[in-house]
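Residue numbers 214 to 480, in the numbering used here, belong to the letters of the sequence shown in order. Where a beta carbon is used, it is the ideal one built from N, C-alpha and C, also for glycine. This one's a predicted model, so the numbers in the text were calculated from it and none came from an experiment. Report on the structure given below.
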Amino acid sequence: MAQNNVVDLIHSKSEGHNPKVGIILGTGLGPFAENIKNKTIFSYDDLYGFPDAGVKGHAGQLILGEINGTEVAVLQGRAHYYETGNPDVMRIPIETLKDLGCETLLLTNAAGSLLPEAQPGSIMMLTDHINFTGVNPLFGETETSRFVDMANAYHPTLCEKFRTVADSKNITLHEGVYIWFSGPSFETPAEIRAAKLLGADAVGMSTVPEVILARFYGLKVAAISIITNMAAGMSDEHLTHAHSIENAKKATNDIQTLLSEFLLNYK
Ligand code: HPA
C-alpha cells in the first residue's frame, strides 16, 4: 500500500463512509456527482499521488457519499496517459478506492463509435478491450500478481445487471469492444479501418489502463461509454473536444438513469 497517508487522511475526515462501489466520471459526466447524498469532498490537490485532472470538463475531486442507498467513492475527473506519458497516472486513485473498501469499479468515458447503429448521443457497455498502445500501467511492478488475468475483465454478472436495468428503463444499451489509442491526436481513418478489422466497436484514450489497474487490485469492473462521435472517417463531421462534450450531454440522461438504477439494485 503505497499511500497509507492518503487513506488515513480520507478516513479521518469521512467517518461513517464505507464505500462499496467506486465510480470514475469521464467527459461530460461531472454533473452526475450532484446525485450524491451526504457528501464528503476531497480535492485531488490535497491527496498525495492523485493527478492534476487536466482536460477541460473534469473537476479533480474524490467524493464519498451515497447514491440510491449504495455507498460510493466517486472520482470526478481522470488523468490520461497522453497528459503525462505515464500509463499508471490513475494507479494511486484506484488503489485508494480499493483500500477504502470498494469491491466494484464503474468506469465511464467518452468514445468514438465504429458501429453504425451506435450513433453520437447513444451509450455502449464495454464487454472487452484491445490495448493498442503497447504500454501498460503495470510496467515496473515486481509482484507476481502483475500477471493479471484479463479474461472476463468486464464482469459478466455486472454486465448482465446493466442489461436488465437498461431493459427495464427502455434505454438502448449498445455493447462492444473498446480499443485504446494513446491520443491526444484523434485517429486517422486508416487506423479506424484497422481497428475495425481487429474487432473494435468503440475507440478512446482512457479506461483501459484503469481497468488493468482495477483488476490488479481485485476490483470487479464494468464500463459504459458515451458515444460522442462516429470514429474518424465514418462521418463527415470534424472531430473536436468541444464537439465531444456537446454530444456527451445528449447521452447524459440515459447514463445517469442507468448508473442510478444499477446502484439502487446493487447487492
Ligand atoms: N477517438 C478517441 N477518443 C475519443 C473519440 C475518438 O473518436 N471520441 C471521444 N473520445
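For tyrosine 261, three-class secondary structure by DSSP = coil
Are the beta-carbon atoms of lysine 311 and tyrosine 430 separated by less than 8 Å?
-> yes
CB-CB under 8 Å to proline 232, same chain, minus the five flanking residues each way: which ones, in chain order?
-> The answer, listed in chain order, is Leu277, Glu284, Val285, Ala286, Leu310, Leu313, Gly314, Cys315.
Exposed or buried, which one is aspartate 467 when buried takes at least 16 other CB atoms within 10 Å?
-> buried
Can you tell me whether DSSP reads alanine 331 as helix, strand or coil?
-> coil
Who are the near neighbours of arginine 359 in its chain, counting only those whose CB is closer than 8 Å to its CB and skipping five residues on each side?
-> Leu351, Phe429
Kindly provide the ranges of any beta strand (DSSP E) runs that are 3 or more residues long and lie completely inside the stretch 386-431, ordered along the chain.
-> 386-393, 415-417
In the DSSP assignment, what residue or residues form a beta bridge with phenylalanine 475?
-> Paired residue(s): none; phenylalanine 475 is not in a bridge.
Measure the C-alpha to C-alpha separation of alanine 215 and glutamate 330 and round it to an integer number of angstroms.
-> For alanine 215, the predicted model reports a pLDDT of 49, less than 50, meaning its position is unreliable and no value from the coordinates is stated.
Relative to ligand 1, is the shortest distance from any of its heavy atoms to the C-beta of leucine 452 smaller than 7 Å?
-> Yes.
What are the boundary residues of the alpha helix (DSSP H) that includes threonine 297?
-> Note, threonine 297: alpha helix (DSSP H), 294-297.
When every heavy atom of ligand 1 is checked, does at least one fall within less than 7 Å of the C-beta of methionine 337?
-> no
8 Å contact criterion, which proline 422 and aspartate 301 should meet: CB distance rounded | So it is a contact: roughly 7 Å between Cβ atoms.
First and last residue of the uninterrupted beta strand (DSSP E) at glutamate 279 = Residues 274-280.
Specify the secondary structure class of lysine 171 as computed by DSSP and reduced to three states.
-> For residue 171 there is no data in the structure shown, the boundaries of the chain being 214 and 480.
What is the rounded straight-line gap between the Cα of threonine 240 and the Cα of alanine 461?
-> 7 Å
On the premise that glycine 235 lies in contact with tyrosine 257, defined as a C-beta separation below 8 Å, what is that separation, rounded to the nearest angstrom?
-> Actually they are not in contact, since the Cβ atoms of tyrosine 257 and glycine 235 sit about 15 Å apart, beyond 8 Å.
Relative to ligand 1, is the shortest distance from any of its heavy atoms to the C-beta of valine 416 smaller than 7 Å?
-> yes
Do you know how far the Cα of methionine 443 is from the Cα of leucine 222?
-> 43 Å
Could you give the DSSP three-state label for leucine 242: helix, strand or coil?
-> coil
Beta-carbon spacing of isoleucine 343, isoleucine 392 below 8 Å | yes
With C-beta atoms as the reference, is threonine 340 less than 8 Å away from valine 378?
-> no
By DSSP, does aspartate 312 sit in helix, in strand, or in coil?
-> helix
Alpha-carbon spacing of serine 473 relative to proline 402, whole angstroms | The straight-line gap from Cα to Cα measures roughly 36 Å.
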